[in-house]
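Here the structure is laid out as structure tokens; the discussion comes afterwards.
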Amino acid sequence: MTAQVDYLVVLFTATSGASRELLGSDEKEVVQLVWQLVDVKNKTLGKVNELLIKPDLLELTEEKEEDVVVEESAEEENGSRADCVSTATSFEKALNQFNLQLTNEVNSAGAGTSVCLCTDGQLHIRQVIHPEAASKNILVPDCFYSFFDLRKEFKKHFPTSDLKVLNIPVMAEALSITVDEPAACDPALDQSDILPAEVAVQQVQIMASIVLALLSEPLNHTFSNQERVSEKFETGTCSKMEKVSDNTVIRARGLPWQSSDQDIARFFRGLNIAKGGAALCLNAQGRRNGEALVRFVSEEHRDLALQRHKHHMGNRYIEVYKATGEDFLKIAGGTSNEVAVFLSREDQIIVRMRGLPFTATHEQVLTFFAPDEELKETCPVSGGNDGILFVRYPDGRPTGDAFVLFACDEQAQCALRKHKEILGRRYIELFKSTAAEVQQVLNRYSSAPLIPVAPAPLVSVLPTMSLLPPPGSMRDCLRLRGLPYTASIEDILTFLGEFTHDIRPHGVHMVLNQQGRPSGDCFIQMTSAERAIQASQRLHKHVMSSQRGANSRYVEVFPCSAEEMGLVLMGGSLSHTHTHTHTRSRSGTGLSPPPCKSRRLSPQSYSFAPAQTVLPTEAAALYPPMGQVLLAPRPLPPGHAYYPASPQLYMNYAAYYPSPPGSPNTLGFFPSPSSLSTQGGLVRMPGLTYSTKDLINAMQGYQSPVESLSLLSSSLIGQSSGGDTHLMSLPALMTKPAGQYLDLTLL
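Each residue of the sequence shown is one higher than the last, beginning at 3 in our numbering.
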């Protein structure tokens with residue numbers, strides 16, 4: 003509207019809660035409406051009207067109700083500051099009564115018909131009237147959808163003023179308006195306090211004086227550009243190429259799973275949401291996760307939306323936070339022309355179908371929504387085949403999802419009553435959907451993966467090697483499996499009882515999962531293998547209680563070696579099929595958890611020798627890629643000297659660095675200092691077709707490669723010997739790169 007209105011209605015609201023700049027932020031109900039009519043042409047003022055409202059949530063006993071009646075009658079006898087005082091029993095009746103009285107007063111004046119409200123700021127209309135009407139399903143009169151912000155009108159003549167600190171006393175002082183009653187401008191009145199009833203009347207009288215001052219000489223202000231309140235949320239599409247300001251987007255969290263974009267717009271009633279600016283977020287499975295991104299028309303409306311943090315939608319409170327334009331485009335932005343055409347029709351209700359047969363056609367969907375013979379309700383699909391959008395993979399295969407358009411909400415509700423009815427041989431799930439959800443689902447299924455083909459291994463020429471601990475390792479450790487997740491070190495020591503004295507210093511290792519939480523596993527280093535076996539036999543499947551929780555669980559106790567413990571703590575696994583060669587009192591130890599990390603419950607005090615060269619120079623020349631790595635292993639950072647120099651070449655540690663075992667017997671692939679006096683060498687054996695076990699049996703007892711080469715050059719490998727010989731643990735690197743040779747390197 004460009005022409006000046008005939009009448010301005012100076013309006014002021016008061017709630018049963020906070021006032022001033024916090025008005026409406028606590029969801030309190032309106033208890034008072036005060037207004038005064040201003041004749042713009044004649045520059046005259048009408049009478050001051052006051053309407054008292056009884057809150058719906060106010061529970062009064064009969065005695066309190068009598069007291070209220072007595073107070074009201076006493077007020078009428080003593081005289082109110084307003085010219086006309088009336089009461090209403092509900093907010094809905096108060097709005098209708100306000101509209102009726104205002105219409106009668108304008109008609110009696112007879113100087114014009116155009117009327118518009120004028121308030122001090124945005125809060126009275128956007129944060130008080132419309133939110134309460136939306137929460138109570140009340141139809142708001144048309145006069146509340148447009149208003150003048152007195153602060154913005156004042157700022158047109160005083161540009162240096164700041165809207166955030168501008169208020170009625172400041173404007174009155176700038177216009178040299180005398181305030182008779184200082185109570186209306188009392189700075190000692192806290193914003194969180196309930197506004198006294200007489201202050202609202204004073205505020206309206208001062209605002210009316212400010213309006214007259216703006217209309218009079220020398221300002222001669224014209225009230226022409228009104229503030230608008232959106233009556234209905236407009237759906238629409240958003241392109242990923244569109245620029246969205248970070249100052250206009252919020253994230254709402256805690257929404258009911260069945261809420262739609264219209265429900266979100268209803269929650270933010272009074273604030274103007276951009277076209278298609280309500281986008282529901284989906285999780286990895288394509289279901290709603292209770293979050294939404296909302297884009298407003300300006301930063302001012304975004305800031306007002308942030309004041310609704312923890313306001314209620316039904317029985318749930320909604321958290322409201324700032325978000326970015328990039329976040330909104332990730333959810334609501336689209337690139338598909340097919341989706342743009344499908345969503346180009348406005349005022350259409352979208353219904354999502356989930357669980358369709360992969361062979362479903364447009365005709366079957368139309369038949370599914372066709373009216374039944376017994377029911378008179380109809381829910382025809384808007385546009386026929388054009389109103390159905392099947393979701394497909396990039397190769398054209400159907401996903402079982404589809405979106406269907408309906409002309410109005412009544413037909414959509416009729417269609418939703420077919421939820422879980424059968425189409426073909428499958429029941430169909432139906433949900434009310436949004437344009438942003440269509441974009442998300444289509445983007446998720448139609449987008450190609452960033453890495454279409456799995457990358458090749460980092461070092462494909464590396465020889466395969468066993469990560470299993472060597473046979474015959476001393477089983478002087480315990481594994482506790484099935485601990486309560488709240489178990490502490492005290493609970494573990496209490497569970498071990500007399501075996502607590504046999505734990506090595508710093509020998510308790512808690513295993514954590516990938517999220518850093520207890521996995522229910524624990525490794526304990528004992529002083530001897532005998533005590534470890536005794537503890538496992540006596541404590542296996544005994545119940546452990548936790549002091550920090552009421553739950554109790556039975557715990558499995560197994561003996562294991564330090565090598566097995568170190569392997570599991572660093573992300574490896576020992577399955578039952580790999581452990582059959584070990585001597586055990588039970589079959590298997592169950593050492594096969596997922597990659598995890600451990601937490602030590604005592605200070606770290608372990609140190610180990612630095613990494614040394616694995617291959618001699620002449621041996622490294624045979625295999626340049628592998629030899630150069632093992633000739634000069636990377637130095638380890640301080641505090642992690644126990645780990646191999648290049649761990650990514652052997653196993654995927656996934657960046658988890660547990661505490662090392664206390665007394666490790668280094669695993670086969672760990673570089674370790676040699677006890678031999680002579681330098682190791684390389685022995686090449688052409689035509690070897692036997693197993694590694696046969697090789698070790700043949701090579702045992704020899705002190706140098708020259709000796710073994712001279713003695714074994716004409717021997718047969720693989721024939722069993724008559725006596726049992728103790729196997730020597732060889733810290734060696736064994737490989738069979740081409741299937742014809744086997745290289746053995748002794749350190």
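For glycine and all other residues, C-beta sits at the position ideal for the given N, C-alpha and C.
Rounded to the nearest angstrom, the Cβ distance from Gln124 to Asp144 is 19 Å, too far for a contact under 8 Å. Excluding its 5 nearest sequence neighbours in each direction, Leu214 has C-beta neighbours in its own chain below 8 Å: Val40, Lys45 and Leu47, listed in chain order. Beta-bridge annotation (DSSP): Met528 is paired with Ile505. Counting along the chain, no beta strand (DSSP E) covers Glu500, and no H or E run does either. The beta strand (DSSP E) runs of length 3 or more contained entirely in the segment 73-142 are, from start to end of the chain, 86-90 and 117-121. DSSP, reduced to helix, strand and coil, places Ile252 within a strand of the structure shown. In terms of Cβ geometry, Val246 and Phe330 form a close pair [threshold 8 Å].
Its chain contains no residue whose beta carbon lies nearer than 7 Å to that of Ile424 once the 5 sequence neighbours on both sides are disregarded.
Taking 8 Å as the cut-off, the beta carbon of Ile196 is found no closer than this to the beta carbon of Ser384.
In this chain, the beta strand (DSSP E) harbouring Lys277 covers Ile275 to Leu284. DSSP, read as helix, strand or coil, puts Ile212 in helix. Looking at the backbone, the Cα of Glu558 and that of Leu485 are separated by about 8 Å.
Counted as a single uninterrupted DSSP element, the beta strand (DSSP E) harbouring Ile352 occupies residues Ile351 to Arg356. Straight through space, the alpha carbons of Thr15 and Asn291 are spaced by roughly 37 Å.
For Arg153, the uninterrupted alpha helix (DSSP H) segment begins and ends at Leu152 to Lys157. Under the three-state reduction of DSSP output, Phe269 falls in the helix class. The criterion of a C-beta distance shorter than 8 Å is not satisfied by Ile430 and Val406. Three or more beta-carbon pairs separated by less than 8 Å link the segment 255-262 to the segment 282-297, which places the two stretches in contact. Sequence-distant partners of Ala96 (beyond 5 residues in either direction) whose C-beta falls short of 8 Å from its own C-beta, in its chain, are Val32, Leu35, Leu53, Ile55 and Ala90.
Of the candidates Thr115, Ser563 and Asn553, Ser563 places its Cα closest to the Cα of Ile535.
Across the set Lys277, Arg297 and Leu495, the C-alpha of Leu495 shows the shortest separation from the C-alpha of Leu482.
Take the alpha-carbon of Asp411 and the one of Ile351: they are about 6 Å apart. In the structure shown, Thr326 adopts coil according to DSSP, grouped into three states. A direct Cα-Cα distance of roughly 15 Å separates Leu541 from Asp523. Secondary structure at Asn445: helix, using DSSP grouped into helix, strand and coil.
The Cβ neighbour count for Lys434, taken over all protein chains shown within 10 Å, is at least 16; the residue is labelled buried. For Glu412, there is no enclosing beta strand (DSSP E); the enclosing alpha helix (DSSP H) covers residues Asp411 to Leu418. The continuous stretches of alpha helix (DSSP H) do not include Val42, and DSSP gives it neither H nor E. DSSP places Thr162 outside both helix and strand once states are collapsed to three, so it counts as coil.
When the five nearest sequence neighbours on each side are left out, the beta carbons in the same chain lying within less than 7 Å of the beta carbon of Ala414 are those of Ile351, Val353, Phe408 and Lys434, in order along the chain.
Distance check between Leu141 and each of Val167, Asn98 and Glu107 places Asn98 closest, using alpha-carbon atoms only.
Taking His303 as reference, the option from Asn169, Asp28, Ser232 and Thr237 with the minimal CA-CA separation is Ser232. In the three-state reduction of the DSSP assignment, Ile55 falls in the strand class, which pools E and B.
Within the segment 361-403, complete alpha helix (DSSP H) segments of at least 4 residues are found at 364-370, given in chain order. 8 Å or more divides the Cβ of Cys120 from the Cβ of Leu25. Check the Cα spacing between Gln228 and each of Lys312, Phe146, Ala342 and Thr401: the tightest is with Phe146.
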